[in-house]
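A.B. asks: Going letter by letter, the sequence shown gives residues 64 to 117 in the working numbering. Every residue gets a Cβ at the ideal spot worked out from N, C-alpha and C, and that includes glycine.
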Amino acid sequence: MKFRKPVRPGSVLKLHIEKVSAKGPLWKFKGFATVDDVRTSEAEFGAMIVDPQR
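1) Can you tell me where the beta strand (DSSP E) holding Ile80 begins and where it ends?
2) Can you list, in chain order, the residues of its chain whose CB lies under 8 Å from that of Leu76, leaving out five sequence neighbours each side?
3) Can you tell me whether Arg102 is helix, strand or coil according to DSSP?
4) Just to confirm, is the Cβ distance from Glu81 to Phe92 under 9 Å?
5) Roughly how many whole angstroms lie between the Cα atoms of Phe108 and Trp90?
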């Protein structure tokens, strides 16, 4: 995670996320956040997507 600019309370933070890859239940994503079309942070992260019924 890299923080580029501060975000103040009351600001509208928009998240822009895309899936990079998926292997079974392991998914990788990358994205960034903006306020008023100014990039405030960037990140790459992973998640395990599981079936809650199992």
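C.D. replies: Judging by the given coordinates:
1) Going by DSSP, Ile80 is part of the beta strand (DSSP E) stretching over 77-86.
2) Within the same chain, Leu76 has close Cβ partners Val70, Ala96, Thr97, Val98, Thr103.
3) In the three-state DSSP reduction, Arg102 falls in the strand class (E or B).
4) A contact, by the Cβ cut-off of 9 Å.
5) Taking the straight line from one Cα to the other gives about 9 Å.
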